[in-house]
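Student:
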Amino acid sequence: MPSRRTLLALGLASTAMLTACATAPSPSYTERPPIVFMHGNGDSAALWLTTIWRFESNGWPRDRLFALDQPYPLARDDDAVAQPGRSSTTDSAVFLKAEVDKVLKATGAGKVVLIGNSRGGNTIRNYVQNGGGAAVVSHVVLGGNPAHGIWAVKGFRENNEFSGLSGFMQQLNAPKGPNGEEVTPGVKWLTLRSDNNDKYAQPDGVWIGVPGQPTNIGFDGPALKGATNVVLPRVDHRETSFSPAAFAATWQFLTGEAPRSTAVAPEASVVLDGRAVGAENLSLNGGQVTVYAIDPATGARRGDAVHSKSIGADGRWGPFNARGDTAYEFVLSAPGYGITHIYRSPFPRSSRVVNLRPERLAPADGSAQVVVVFTRPRGYFDAERDTMRFDGQSPPPGVPPRGSGVSSSRLRLAAAQPQRAVTGEFNAERITGLTWPAAQQHVTVLELTY
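According to mature numbering (1 follows the signal peptide of the UniProt record, and there is no 0), the sequence shown holds residues -22 to -1, 1 to 428 in order.
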(Lines of atoms letter the chains of each structure in order from A and count residues from 1; the text may use other names and numbers.)
(Lines give C-alpha, C1' and ligand atoms only; values in the text may rest on other atoms or scores of the structure.)
Protein backbone atom coordinates (compact mmCIF):
# COMPACT_ATOMS: atom_id res chain seq x y z
CA MET A 1 0.00 0.00 0.00
CA PRO A 2 1.25 3.54 -0.74
CA SER A 3 2.17 5.67 2.22
CA ARG A 4 -0.15 8.40 3.51
CA ARG A 5 2.23 10.99 2.03
CA THR A 6 1.97 9.32 -1.38
CA LEU A 7 -1.82 9.26 -1.15
CA LEU A 8 -1.93 12.92 -0.19
CA ALA A 9 0.27 13.75 -3.16
CA LEU A 10 -2.10 11.87 -5.43
CA GLY A 11 -4.99 13.89 -4.06
CA LEU A 12 -3.14 17.16 -4.61
CA ALA A 13 -2.22 16.04 -8.10
CA SER A 14 -5.83 15.29 -8.96
CA THR A 15 -6.72 18.84 -7.98
CA ALA A 16 -3.85 20.26 -9.99
CA MET A 17 -5.02 18.41 -13.07
CA LEU A 18 -8.09 20.63 -13.34
CA THR A 19 -6.40 22.91 -15.85
CA ALA A 20 -4.06 20.37 -17.46
CA CYS A 21 -4.62 18.79 -20.84
CA ALA A 22 -7.31 21.37 -21.69
CA THR A 23 -7.19 20.43 -25.36
CA ALA A 24 -6.94 16.66 -24.93
CA PRO A 25 -9.67 14.78 -26.81
CA SER A 26 -12.44 13.07 -24.88
CA PRO A 27 -12.96 9.32 -25.25
CA SER A 28 -15.02 8.23 -28.24
CA TYR A 29 -18.68 7.35 -27.74
CA THR A 30 -17.92 3.63 -27.68
CA GLU A 31 -15.34 4.23 -24.94
CA ARG A 32 -17.92 5.90 -22.74
CA PRO A 33 -19.74 3.06 -21.00
CA PRO A 34 -22.93 3.72 -19.06
CA ILE A 35 -22.31 5.11 -15.58
CA VAL A 36 -24.65 4.20 -12.73
CA PHE A 37 -24.57 6.45 -9.66
CA MET A 38 -25.54 5.03 -6.25
CA HIS A 39 -26.32 7.50 -3.46
CA GLY A 40 -25.65 7.16 0.24
CA ASN A 41 -27.56 6.58 3.46
CA GLY A 42 -30.91 8.41 3.43
CA ASP A 43 -30.07 10.30 0.24
CA SER A 44 -31.50 10.36 -3.28
CA ALA A 45 -30.41 10.59 -6.93
CA ALA A 46 -30.57 14.39 -6.66
CA LEU A 47 -27.15 14.58 -5.02
CA TRP A 48 -25.49 13.57 -8.30
CA LEU A 49 -26.87 16.65 -10.10
CA THR A 50 -23.63 18.62 -10.37
CA THR A 51 -21.52 15.51 -10.98
CA ILE A 52 -23.71 14.59 -13.94
CA TRP A 53 -23.49 18.17 -15.25
CA ARG A 54 -19.69 17.97 -15.12
CA PHE A 55 -19.64 14.67 -16.98
CA GLU A 56 -21.95 16.11 -19.66
CA SER A 57 -19.87 19.30 -19.88
CA ASN A 58 -16.83 17.17 -20.73
CA GLY A 59 -18.60 15.18 -23.43
CA TRP A 60 -20.03 12.12 -21.68
CA PRO A 61 -23.42 11.45 -23.31
CA ARG A 62 -26.42 12.32 -21.17
CA ASP A 63 -28.14 9.10 -22.18
CA ARG A 64 -25.33 7.08 -20.59
CA LEU A 65 -25.59 8.65 -17.11
CA PHE A 66 -28.01 7.01 -14.68
CA ALA A 67 -28.62 8.19 -11.10
CA LEU A 68 -30.74 5.88 -8.95
CA ASP A 69 -33.33 6.46 -6.23
CA GLN A 70 -33.23 3.52 -3.84
CA PRO A 71 -36.49 2.99 -1.93
CA TYR A 72 -35.99 3.06 1.85
CA PRO A 73 -32.43 4.44 1.61
CA LEU A 74 -31.70 4.36 5.35
CA ALA A 75 -29.78 1.36 6.71
CA ARG A 76 -31.30 -0.80 9.41
CA ASP A 77 -30.08 -0.44 12.99
CA ASP A 78 -29.39 -4.20 12.90
CA ASP A 79 -28.84 -5.46 9.38
CA ALA A 80 -30.42 -8.84 10.16
CA VAL A 81 -33.61 -7.45 11.73
CA ALA A 82 -36.45 -6.08 9.60
CA GLN A 83 -37.19 -2.44 10.36
CA PRO A 84 -40.05 -0.38 8.89
CA GLY A 85 -38.93 2.22 6.37
CA ARG A 86 -35.35 0.91 6.17
CA SER A 87 -33.37 -1.44 3.96
CA SER A 88 -30.84 -4.20 4.54
CA THR A 89 -27.55 -4.70 2.74
CA THR A 90 -29.23 -7.48 0.74
CA ASP A 91 -32.15 -5.23 -0.20
CA SER A 92 -29.74 -2.62 -1.52
CA ALA A 93 -27.66 -5.08 -3.56
CA VAL A 94 -30.76 -6.66 -5.09
CA PHE A 95 -32.03 -3.19 -6.04
CA LEU A 96 -28.72 -2.25 -7.64
CA LYS A 97 -28.52 -5.48 -9.63
CA ALA A 98 -32.00 -4.93 -11.06
CA GLU A 99 -31.14 -1.35 -12.05
CA VAL A 100 -27.85 -2.33 -13.66
CA ASP A 101 -29.65 -5.04 -15.65
CA LYS A 102 -32.09 -2.38 -16.91
CA VAL A 103 -29.24 -0.09 -17.94
CA LEU A 104 -27.42 -2.86 -19.80
CA LYS A 105 -30.60 -3.77 -21.66
CA ALA A 106 -31.46 -0.16 -22.50
CA THR A 107 -27.99 0.75 -23.76
CA GLY A 108 -26.84 -2.51 -25.25
CA ALA A 109 -23.55 -2.11 -23.40
CA GLY A 110 -21.58 -5.08 -22.12
CA LYS A 111 -20.34 -3.41 -18.95
CA VAL A 112 -21.07 -0.41 -16.74
CA VAL A 113 -19.15 1.91 -14.44
CA LEU A 114 -20.46 2.16 -10.87
CA ILE A 115 -19.92 5.30 -8.78
CA GLY A 116 -21.11 5.37 -5.18
CA ASN A 117 -21.08 7.71 -2.22
CA SER A 118 -20.90 6.55 1.40
CA ARG A 119 -23.38 3.69 1.96
CA GLY A 120 -23.73 3.43 -1.80
CA GLY A 121 -20.18 2.08 -1.80
CA ASN A 122 -21.20 -0.74 0.54
CA THR A 123 -24.01 -1.61 -1.87
CA ILE A 124 -21.66 -1.58 -4.87
CA ARG A 125 -19.03 -3.73 -3.15
CA ASN A 126 -21.68 -6.23 -2.07
CA TYR A 127 -23.19 -6.43 -5.56
CA VAL A 128 -19.82 -6.81 -7.29
CA GLN A 129 -18.51 -9.39 -4.80
CA ASN A 130 -21.65 -11.37 -4.04
CA GLY A 131 -24.33 -10.48 -6.59
CA GLY A 132 -22.69 -11.22 -9.92
CA GLY A 133 -21.62 -7.66 -10.60
CA ALA A 134 -18.00 -8.59 -11.33
CA ALA A 135 -19.07 -9.92 -14.72
CA VAL A 136 -20.69 -6.67 -15.88
CA VAL A 137 -18.74 -3.92 -14.07
CA SER A 138 -15.51 -2.48 -15.49
CA HIS A 139 -14.71 0.30 -13.00
CA VAL A 140 -15.86 1.28 -9.51
CA VAL A 141 -15.40 4.67 -7.84
CA LEU A 142 -16.14 4.91 -4.10
CA GLY A 143 -16.35 8.34 -2.46
CA GLY A 144 -16.28 8.48 1.34
CA ASN A 145 -17.22 4.82 1.56
CA PRO A 146 -16.91 3.54 5.15
CA ALA A 147 -15.01 0.58 3.75
CA HIS A 148 -13.89 -0.64 7.19
CA GLY A 149 -16.87 0.72 9.07
CA ILE A 150 -17.54 3.97 10.86
CA TRP A 151 -16.74 2.30 14.16
CA ALA A 152 -15.29 -1.06 15.22
CA VAL A 153 -16.11 -1.20 18.91
CA LYS A 154 -16.80 -4.48 20.68
CA GLY A 155 -20.37 -4.50 22.02
CA PHE A 156 -21.38 -1.28 20.23
CA ARG A 157 -23.99 -1.95 17.52
CA GLU A 158 -21.89 -4.75 16.08
CA ASN A 159 -24.62 -5.98 13.72
CA ASN A 160 -25.08 -2.58 12.12
CA GLU A 161 -23.97 -2.29 8.49
CA PHE A 162 -21.51 0.45 9.48
CA SER A 163 -19.73 -1.56 12.16
CA GLY A 164 -16.32 -2.78 11.11
CA LEU A 165 -16.95 -5.84 13.27
CA SER A 166 -20.19 -6.84 11.49
CA GLY A 167 -20.28 -10.06 9.53
CA PHE A 168 -21.20 -8.01 6.46
CA MET A 169 -18.10 -5.83 6.68
CA GLN A 170 -15.82 -8.69 7.63
CA GLN A 171 -16.74 -10.73 4.55
CA LEU A 172 -16.42 -7.71 2.25
CA ASN A 173 -12.88 -7.09 3.49
CA ALA A 174 -11.71 -10.71 3.54
CA PRO A 175 -8.45 -11.07 1.54
CA LYS A 176 -9.02 -11.87 -2.13
CA GLY A 177 -5.47 -12.21 -3.45
CA PRO A 178 -1.90 -13.08 -2.54
CA ASN A 179 -1.23 -9.57 -1.23
CA GLY A 180 -4.35 -9.35 0.91
CA GLU A 181 -6.40 -7.37 -1.63
CA GLU A 182 -9.78 -6.28 -0.27
CA VAL A 183 -11.37 -5.60 -3.65
CA THR A 184 -12.93 -8.07 -6.06
CA PRO A 185 -10.44 -8.92 -8.82
CA GLY A 186 -11.21 -8.22 -12.49
CA VAL A 187 -12.66 -4.78 -11.74
CA LYS A 188 -10.69 -1.52 -11.52
CA TRP A 189 -11.24 0.26 -8.19
CA LEU A 190 -10.77 3.86 -7.06
CA THR A 191 -11.40 5.20 -3.56
CA LEU A 192 -11.63 8.91 -2.78
CA ARG A 193 -11.29 10.10 0.79
CA SER A 194 -10.56 13.17 2.86
CA ASP A 195 -7.24 13.65 4.62
CA ASN A 196 -8.91 14.16 8.02
CA ASN A 197 -12.22 16.01 7.47
CA ASP A 198 -14.68 13.14 6.85
CA LYS A 199 -17.07 12.92 9.81
CA TYR A 200 -17.45 9.17 9.26
CA ALA A 201 -13.73 8.40 9.20
CA GLN A 202 -12.71 9.74 12.58
CA PRO A 203 -10.75 8.09 15.41
CA ASP A 204 -13.02 9.78 17.98
CA GLY A 205 -16.72 8.96 18.26
CA VAL A 206 -17.99 12.55 18.42
CA TRP A 207 -20.06 12.28 15.22
CA ILE A 208 -21.65 8.95 16.20
CA GLY A 209 -22.85 10.28 19.53
CA VAL A 210 -20.08 9.00 21.81
CA PRO A 211 -17.48 11.76 22.08
CA GLY A 212 -14.25 10.59 23.65
CA GLN A 213 -14.87 6.97 22.66
CA PRO A 214 -12.22 5.61 20.25
CA THR A 215 -13.87 4.28 17.10
CA ASN A 216 -10.87 2.15 16.12
CA ILE A 217 -11.27 3.63 12.61
CA GLY A 218 -8.67 5.98 11.19
CA PHE A 219 -8.81 8.78 8.66
CA ASP A 220 -7.76 6.19 6.06
CA GLY A 221 -10.77 3.97 6.78
CA PRO A 222 -12.24 4.41 3.25
CA ALA A 223 -9.04 3.18 1.54
CA LEU A 224 -8.95 -0.40 0.25
CA LYS A 225 -6.03 -2.72 -0.41
CA GLY A 226 -5.83 -3.39 -4.13
CA ALA A 227 -7.56 -0.14 -5.14
CA THR A 228 -6.14 3.14 -6.35
CA ASN A 229 -6.54 5.25 -3.20
CA VAL A 230 -6.63 9.04 -3.60
CA VAL A 231 -6.74 11.65 -0.83
CA LEU A 232 -8.56 14.94 -1.46
CA PRO A 233 -7.36 17.51 1.09
CA ARG A 234 -9.95 19.18 3.35
CA VAL A 235 -13.01 17.79 1.57
CA ASP A 236 -15.85 16.65 3.80
CA HIS A 237 -17.76 13.37 3.72
CA ARG A 238 -20.07 14.28 0.83
CA GLU A 239 -17.47 16.27 -1.08
CA THR A 240 -15.51 13.03 -1.53
CA SER A 241 -18.06 12.38 -4.29
CA PHE A 242 -19.71 15.66 -5.22
CA SER A 243 -16.88 18.22 -5.32
CA PRO A 244 -15.00 19.42 -8.42
CA ALA A 245 -11.86 17.70 -7.10
CA ALA A 246 -13.73 14.39 -6.79
CA PHE A 247 -14.99 14.71 -10.36
CA ALA A 248 -11.50 15.49 -11.66
CA ALA A 249 -10.01 12.43 -9.97
CA THR A 250 -12.87 10.24 -11.21
CA TRP A 251 -12.54 11.45 -14.81
CA GLN A 252 -8.77 10.86 -14.69
CA PHE A 253 -9.32 7.32 -13.40
CA LEU A 254 -11.91 6.46 -16.06
CA THR A 255 -10.26 8.06 -19.07
CA GLY A 256 -6.55 8.31 -18.26
CA GLU A 257 -6.54 12.08 -18.74
CA ALA A 258 -7.65 15.21 -16.92
CA PRO A 259 -11.07 16.70 -17.71
CA ARG A 260 -11.17 19.74 -19.97
CA SER A 261 -12.85 21.60 -17.11
CA THR A 262 -14.62 21.03 -13.81
CA ALA A 263 -16.94 23.96 -14.52
CA VAL A 264 -20.54 23.36 -15.56
CA ALA A 265 -21.08 24.43 -19.17
CA PRO A 266 -24.41 26.24 -19.65
CA GLU A 267 -26.99 25.06 -22.17
CA ALA A 268 -29.15 27.26 -24.39
CA SER A 269 -32.27 25.22 -23.61
CA VAL A 270 -32.92 23.96 -20.07
CA VAL A 271 -35.53 21.33 -19.23
CA LEU A 272 -35.94 20.31 -15.59
CA ASP A 273 -37.59 17.25 -14.13
CA GLY A 274 -37.32 15.06 -11.07
CA ARG A 275 -39.38 13.31 -8.45
CA ALA A 276 -41.38 14.64 -5.53
CA VAL A 277 -40.57 12.13 -2.80
CA GLY A 278 -40.57 11.67 0.93
CA ALA A 279 -37.64 10.52 3.05
CA GLU A 280 -38.20 6.94 1.88
CA ASN A 281 -37.76 7.96 -1.79
CA LEU A 282 -41.37 6.98 -2.47
CA SER A 283 -43.64 9.15 -4.61
CA LEU A 284 -45.70 11.85 -2.91
CA ASN A 285 -48.69 10.59 -4.88
CA GLY A 286 -51.46 13.17 -4.62
CA GLY A 287 -49.13 16.08 -3.95
CA GLN A 288 -48.71 19.22 -6.02
CA VAL A 289 -45.67 21.12 -7.34
CA THR A 290 -45.96 24.74 -8.45
CA VAL A 291 -43.00 26.73 -9.79
CA TYR A 292 -42.51 30.50 -9.76
CA ALA A 293 -39.77 32.64 -11.29
CA ILE A 294 -38.39 34.94 -8.60
CA ASP A 295 -36.26 38.02 -8.15
CA PRO A 296 -32.96 36.54 -6.90
CA ALA A 297 -32.25 39.61 -4.78
CA THR A 298 -35.57 39.66 -2.90
CA GLY A 299 -37.20 36.25 -3.36
CA ALA A 300 -40.35 37.96 -4.65
CA ARG A 301 -42.34 36.17 -7.33
CA ARG A 302 -42.21 37.55 -10.84
CA GLY A 303 -45.81 37.04 -11.90
CA ASP A 304 -47.95 33.93 -12.01
CA ALA A 305 -46.78 30.34 -11.78
CA VAL A 306 -44.66 29.17 -14.72
CA HIS A 307 -45.34 25.48 -14.10
CA SER A 308 -47.72 23.34 -12.06
CA LYS A 309 -48.34 19.60 -11.88
CA SER A 310 -50.16 17.10 -9.69
CA ILE A 311 -47.93 14.24 -8.53
CA GLY A 312 -48.80 10.72 -9.60
CA ALA A 313 -47.51 7.26 -8.82
CA ASP A 314 -44.14 7.86 -10.50
CA GLY A 315 -43.50 11.00 -8.45
CA ARG A 316 -42.43 13.08 -11.45
CA TRP A 317 -43.19 16.80 -11.28
CA GLY A 318 -41.86 17.82 -14.76
CA PRO A 319 -40.84 18.31 -17.46
CA PHE A 320 -40.52 22.06 -17.05
CA ASN A 321 -38.99 24.35 -19.69
CA ALA A 322 -36.84 26.64 -17.56
CA ARG A 323 -34.50 29.56 -18.17
CA GLY A 324 -30.86 29.09 -17.26
CA ASP A 325 -30.57 32.68 -16.02
CA THR A 326 -33.60 32.58 -13.70
CA ALA A 327 -33.95 31.66 -10.04
CA TYR A 328 -37.03 29.66 -9.04
CA GLU A 329 -39.25 28.90 -6.07
CA PHE A 330 -40.64 25.35 -6.01
CA VAL A 331 -43.76 25.04 -3.88
CA LEU A 332 -44.38 21.46 -2.78
CA SER A 333 -47.57 20.50 -0.99
CA ALA A 334 -48.38 16.94 0.02
CA PRO A 335 -50.81 15.27 2.42
CA GLY A 336 -49.29 15.01 5.88
CA TYR A 337 -46.43 17.40 5.15
CA GLY A 338 -47.79 20.92 4.89
CA ILE A 339 -46.30 23.29 2.30
CA THR A 340 -42.58 23.60 1.55
CA HIS A 341 -41.21 26.59 -0.37
CA ILE A 342 -37.86 25.57 -1.91
CA TYR A 343 -35.68 28.38 -3.28
CA ARG A 344 -32.88 27.47 -5.67
CA SER A 345 -30.14 29.14 -7.69
CA PRO A 346 -30.56 29.22 -11.50
CA PHE A 347 -30.05 25.89 -13.31
CA PRO A 348 -27.44 26.26 -16.09
CA ARG A 349 -28.22 22.83 -17.58
CA SER A 350 -31.08 20.40 -17.96
CA SER A 351 -31.58 17.66 -15.40
CA ARG A 352 -33.97 14.78 -14.61
CA VAL A 353 -32.79 14.45 -11.00
CA VAL A 354 -34.12 17.70 -9.51
CA ASN A 355 -35.82 15.80 -6.73
CA LEU A 356 -38.02 17.71 -4.29
CA ARG A 357 -38.46 16.58 -0.68
CA PRO A 358 -40.85 18.23 1.77
CA GLU A 359 -39.59 19.62 5.06
CA ARG A 360 -41.60 18.71 8.17
CA LEU A 361 -42.13 21.04 11.10
CA ALA A 362 -40.43 19.47 14.12
CA PRO A 363 -41.63 19.54 17.75
CA ALA A 364 -38.88 22.10 18.48
CA ASP A 365 -40.53 24.42 15.93
CA GLY A 366 -43.72 24.58 17.98
CA SER A 367 -43.41 28.20 19.19
CA ALA A 368 -41.91 29.53 15.97
CA GLN A 369 -43.85 31.88 13.74
CA VAL A 370 -41.40 31.29 10.89
CA VAL A 371 -39.08 28.35 10.11
CA VAL A 372 -36.35 28.66 7.50
CA VAL A 373 -33.92 25.84 6.60
CA PHE A 374 -30.57 26.57 4.92
CA THR A 375 -29.21 23.34 3.49
CA ARG A 376 -26.23 22.07 1.49
CA PRO A 377 -27.07 18.56 0.22
CA ARG A 378 -23.73 17.98 -1.57
CA GLY A 379 -21.48 18.93 1.31
CA TYR A 380 -21.26 20.16 4.87
CA PHE A 381 -20.79 23.54 6.51
CA ASP A 382 -17.27 24.05 7.87
CA ALA A 383 -16.79 27.22 9.93
CA GLU A 384 -12.99 26.95 9.71
CA ARG A 385 -12.94 26.45 5.94
CA ASP A 386 -15.97 28.16 4.37
CA THR A 387 -17.38 31.67 4.11
CA MET A 388 -21.06 31.51 5.04
CA ARG A 389 -23.86 33.59 6.45
CA PHE A 390 -27.53 32.86 7.17
CA ASP A 391 -29.88 35.77 7.74
CA GLY A 392 -26.88 37.80 8.88
CA GLN A 393 -25.54 35.14 11.26
CA SER A 394 -22.08 33.66 10.79
CA PRO A 395 -21.64 30.84 11.34
CA PRO A 396 -25.28 29.83 10.75
CA PRO A 397 -27.28 28.57 13.75
CA GLY A 398 -26.27 25.05 14.76
CA VAL A 399 -23.01 25.00 12.80
CA PRO A 400 -20.17 24.07 15.17
CA PRO A 401 -16.98 26.18 15.29
CA ARG A 402 -14.90 23.16 14.23
CA GLY A 403 -15.48 20.19 11.97
CA SER A 404 -17.54 19.36 8.87
CA GLY A 405 -20.49 17.55 10.39
CA VAL A 406 -23.59 19.65 9.76
CA SER A 407 -25.21 20.11 6.33
CA SER A 408 -28.21 22.24 7.31
CA SER A 409 -29.07 25.12 9.59
CA ARG A 410 -32.51 25.91 11.02
CA LEU A 411 -33.71 29.44 11.76
CA ARG A 412 -36.73 29.83 14.06
CA LEU A 413 -38.31 33.26 14.44
CA ALA A 414 -40.65 33.45 17.42
CA ALA A 415 -42.05 36.94 16.98
CA ALA A 416 -44.86 37.60 14.54
CA GLN A 417 -43.64 39.77 11.67
CA PRO A 418 -44.50 40.73 8.11
CA GLN A 419 -43.27 38.53 5.31
CA ARG A 420 -39.66 39.39 4.51
CA ALA A 421 -36.63 38.23 2.59
CA VAL A 422 -34.10 35.86 4.17
CA THR A 423 -30.72 35.06 2.62
CA GLY A 424 -28.27 32.18 2.84
CA GLU A 425 -24.72 32.60 1.54
CA PHE A 426 -22.10 29.89 1.10
CA ASN A 427 -18.82 30.79 -0.57
CA ALA A 428 -19.81 31.96 -4.08
CA GLU A 429 -23.48 30.92 -3.92
CA ARG A 430 -26.24 33.15 -2.54
CA ILE A 431 -29.94 32.26 -2.24
CA THR A 432 -32.75 34.56 -1.11
CA GLY A 433 -36.30 33.46 -0.33
CA LEU A 434 -39.32 34.72 1.55
CA THR A 435 -40.57 33.81 5.01
CA TRP A 436 -43.94 32.02 5.28
CA PRO A 437 -46.18 31.42 8.33
CA ALA A 438 -45.36 28.27 10.27
CA ALA A 439 -48.80 28.42 11.91
CA GLN A 440 -50.24 27.55 8.50
CA GLN A 441 -47.72 24.68 8.10
CA HIS A 442 -45.39 26.55 5.75
CA VAL A 443 -41.60 26.04 5.77
CA THR A 444 -39.00 27.93 3.74
CA VAL A 445 -35.98 26.03 2.38
CA LEU A 446 -32.91 27.72 0.89
CA GLU A 447 -31.20 24.85 -0.96
CA LEU A 448 -27.65 25.23 -2.21
CA THR A 449 -26.68 23.61 -5.49
CA TYR A 450 -22.89 23.63 -5.08
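Where a beta carbon is used, it is the ideal one built from N, C-alpha and C, also for glycine.
Only counting the same chain, and skipping five residues up and downstream in sequence, which positions put a Cβ closer than 7 Å to that of Glu159?
Tutor: Start at 1 with the first residue of the sequence shown, and residue 159 comes out as number 181. The residues are Pro153, Lys203, Gly204.
Student: Assuming Ile128 contacts Ile195 under a Cβ cut-off of 8 Å, what Cβ separation, rounded to an integer in Å, is found between them?
Tutor: Against the sequence shown, residue 128 aligns to sequence position 150. Against the sequence shown, residue 195 aligns to sequence position 217. That pair is a contact at about 6 Å.
Student: Any idea if residue 478 is buried or exposed, counting beta-carbon neighbours within 10 angstroms, 16 or more meaning buried?
Tutor: The requested residue 478 is not part of the displayed model; the chain covers only -22 to 428.
Student: Starting from Leu412, follow its DSSP beta bridges and name the residues at the other end.
Tutor: Locating residue 412 in the sequence shown gives position 434, where the first residue counts as 1. DSSP lists Ala399 as partners of Leu412.
Student: Check this for me: beta carbons of Val242 and Arg330, under 8 Å apart or not?
Tutor: By one-based count along the sequence shown, residue 242 stands at place 264. By one-based count along the sequence shown, residue 330 stands at place 352. Contact: no.
Student: Alpha carbon to alpha carbon, how far is Asp282 from Gly316? Give it in angstroms, no decimals.
Tutor: Position 338 of the sequence shown, counted from the start, is the residue given in the question as residue 316. Position 304 of the sequence shown, counted from the start, is the residue given in the question as residue 282. When rounded, the distance between both Cα atoms is 21 Å.
Student: Could you say which of Pro62, Asp364, Pro373, Val349 lies nearest to Gln397 if we only look at CA atoms?
Tutor: Within the sequence shown, numbered from 1, the residue matching residue 397 stands at position 419. Nearest option by C-alpha distance: Val349.
Student: Pull up the distance between the alpha-carbon of Ser261 and that of Ile13, whole angstroms please.
Tutor: In the sequence shown, the residue the question calls residue 261 occupies position 283. In the sequence shown, the residue the question calls residue 13 occupies position 35. Rounded to the nearest angstrom, the two C-alpha atoms are 24 Å apart.
Student: Am I right that Ser70 and Gln48 are in contact with their C-beta atoms under 8 Å? What's the rounded C-beta distance?
Tutor: What you label residue 70 is simply residue 92 of the sequence shown in a count that begins at 1. What you label residue 48 is simply residue 70 of the sequence shown in a count that begins at 1. Confirmed, Cβ separation roughly 6 Å.
Student: Just how far apart, CA to CA, sit Ala278 and Asn174?
Tutor: For the purposes of this step, residue 278 is identified with residue 300 of the sequence shown, where counting begins at 1. For the purposes of this step, residue 174 is identified with residue 196 of the sequence shown, where counting begins at 1. Each residue's Cα considered, the two are about 41 Å apart.
Student: Would you call the CB atoms of Arg216 and Arg363 closer than 8 Å?
Tutor: One-based indexing of the sequence shown puts residue 216 at position 238. One-based indexing of the sequence shown puts residue 363 at position 385. No.
Student: Let's test the definition: count the other Cβ atoms within 10 Å of the Cβ of Lys83 and tell me whether it reaches 16, buried, or not, exposed.
Tutor: The count along the sequence shown starts at 1 and reaches residue 83 at position 105. Classification of Lys83: exposed, given that the 10 Å Cβ count is below 16.
Student: With a Cβ-Cβ cutoff of 8 Å, do Ala53 and Glu136 count as a contact?
Tutor: Position 75 of the sequence shown, counting from 1, holds the residue named residue 53. Position 158 of the sequence shown, counting from 1, holds the residue named residue 136. It is not a contact, given that the beta carbons lie outside the stated cut-off.
Student: In three-state terms, what does DSSP make of Asn299?
Tutor: Translated into the one-based positions of the sequence shown, residue 299 becomes position 321. Strand at Asn299.
Student: Please list the segments of the alpha helix (DSSP H) lying wholly inside the stretch 136 to 185, counting only runs of 4 or more residues, in order along the chain.
Tutor: The stretch 136 to 185 contains these whole alpha helix (DSSP H) runs: 145 to 150.
Student: Around the Cβ of Thr427, are there at least 16 other Cβ atoms within 10 angstroms (buried) or fewer (exposed)?
Tutor: The residue given as residue 427 occupies position 449 in the sequence shown. With 16 or more Cβ atoms within 10 Å of its Cβ, Thr427 is classed as buried.
Student: For the alpha helix (DSSP H) holding Gly357, just list the boundary residues, first then last.
Tutor: Residue numbering aside, residue 357 sits at position 379 when the sequence shown is read from its first letter. Unbroken run through Gly357: none, as it is neither H nor E.
Student: Which one or two residues does DSSP pair with Thr268 in a beta bridge?
Tutor: Taking the first residue of the sequence shown as position 1, residue 268 is located at position 290. Answer is Ser286, Val309, bridged to Thr268.
Student: Compare the C-alpha of Leu310 against each of Arg10, Ser286, Pro324, Gly190 and name the closest.
Tutor: By one-based count along the sequence shown, residue 310 stands at place 332. When only C-alpha atoms are compared, the closest one is Ser286.
Student: Under DSSP, the beta strand (DSSP E) around Gln371 begins and ends at which residues?
Tutor: Translated into the one-based positions of the sequence shown, residue 371 becomes position 393. Where Gln371 is concerned, there is no enclosing beta strand (DSSP E), given that its DSSP letter is neither H nor E.
Student: Select from Leu389, Leu391, Pro11, Thr365 the residue whose C-alpha is nearest the C-alpha of Pro379.
Tutor: Taking the sequence shown and counting its residues from 1, the one referred to as residue 379 is at position 401. Of the candidates Leu389, Leu391, Pro11, Thr365, the one whose C-alpha sits nearest the C-alpha of Pro379 is Thr365.
Student: Under the three-state reduction of DSSP, which class applies to Pro51: helix, strand or coil?
Tutor: Residue 51 sits at position 73 when you count from the first residue of the sequence shown. Here Pro51 sits in coil by DSSP.
Student: Alpha carbons only, please: which of Gln180, Trp26, Gln149, Val59 is nearest the one belonging to Phe44?
Tutor: On the sequence shown, residue 44 is found 66 positions in, with the first residue counted as 1. Ranking the options by Cα distance to Phe44, first place goes to Trp26.
Student: Look at the alpha carbon of Pro62 and the alpha carbon of Gly99, and state the distance between them as a whole number of angstroms.
Tutor: Here the question's residue 62 lines up with position 84 in the sequence shown. Here the question's residue 99 lines up with position 121 in the sequence shown. C-alpha separation (whole angstroms): 23 Å.
Student: How about Pro124 and Ser96: are their beta carbons less than 8 Å apart?
Tutor: Position 146 of the sequence shown holds residue 124. Position 118 of the sequence shown holds residue 96. It is a contact, given that the beta carbons lie within the stated cut-off.
Student: What distance in whole Å lies between the Cβ atoms of Thr410 and Thr318, which are believed to be in contact at a cut-off of 8 Å?
Tutor: The residue you call residue 318 lines up with position 340 of the sequence shown. The residue you call residue 410 lines up with position 432 of the sequence shown. In fact, because the Cβ distance is near 17 Å, the residues do not count as touching under 8 Å.
Student: Looking at Gly376 and Arg388, is the spacing between their C-beta atoms short of 8 Å?
Tutor: Position 410 of the sequence shown, counting from 1, holds the residue named residue 388. Position 398 of the sequence shown, counting from 1, holds the residue named residue 376. Yes; because the gap between Cβ atoms is below 8 Å, this pair is in contact.
Student: Just checking my contact of Gly265 with Ile289 at CB under 8 Å: how many whole Å lie between their CB atoms?
Tutor: Residue 265 sits at position 287 when you count from the first residue of the sequence shown. Residue 289 sits at position 311 when you count from the first residue of the sequence shown. The pair is a contact, with the Cβ atoms about 4 Å apart (cut-off 8 Å).
Student: Does the distance from the C-beta atom of Ser219 to that of Val165 stay below 8 Å?
Tutor: Within the sequence shown, the letter at position 241 stands for residue 219. Within the sequence shown, the letter at position 187 stands for residue 165. No, the pair does not count as a contact, with Cβ atoms beyond the cut-off.
Student: Where Met147 and Val114 are concerned, what is the direct C-alpha to C-alpha distance, given to the nearest angstrom?
Tutor: As a working mapping, residue 147 is identified with position 169 in the sequence shown. As a working mapping, residue 114 is identified with position 136 in the sequence shown. Answer to the nearest angstrom: the Cα atoms are 23 Å apart.
Student: Who are the near neighbours of Phe308 in its chain, counting only those whose CB is closer than 6 Å to its CB and skipping five residues on each side?
Tutor: Position 330 of the sequence shown, counted from the start, is the residue given in the question as residue 308. Val269, Ile320, Leu334.
Student: Tell me where the beta strand (DSSP E) around Arg212 begins and ends.
Tutor: Taking the first residue of the sequence shown as 1, we reach residue 212 at position 234. Segment: none, Arg212 is in no beta strand (DSSP E) and carries neither H nor E.
Student: Where does Ser239 fall in DSSP's three states?
Tutor: Stepping through the sequence shown from its first residue, residue 239 is reached at position 261. Note: Ser239 maps to coil in three-state DSSP.
Student: Under 7 Å: does the beta carbon of Ala406 sit that close to some heavy atom of the ligand PLP?
Tutor: This structure does not include the ligand PLP; it has no bound ligands of any sort.
Student: Quick check on the burial criterion: 16 or more other C-beta atoms within 10 angstroms. Buried or exposed for Glu337?
Tutor: In the sequence shown, counting from the first residue as 1, residue 337 sits at position 359. Flag for Glu337 reads buried.
Student: According to DSSP, is Glu407 helix, strand or coil?
Tutor: Position 429 of the sequence shown, counting from 1, holds the residue named residue 407. Note: Glu407 maps to strand in three-state DSSP.
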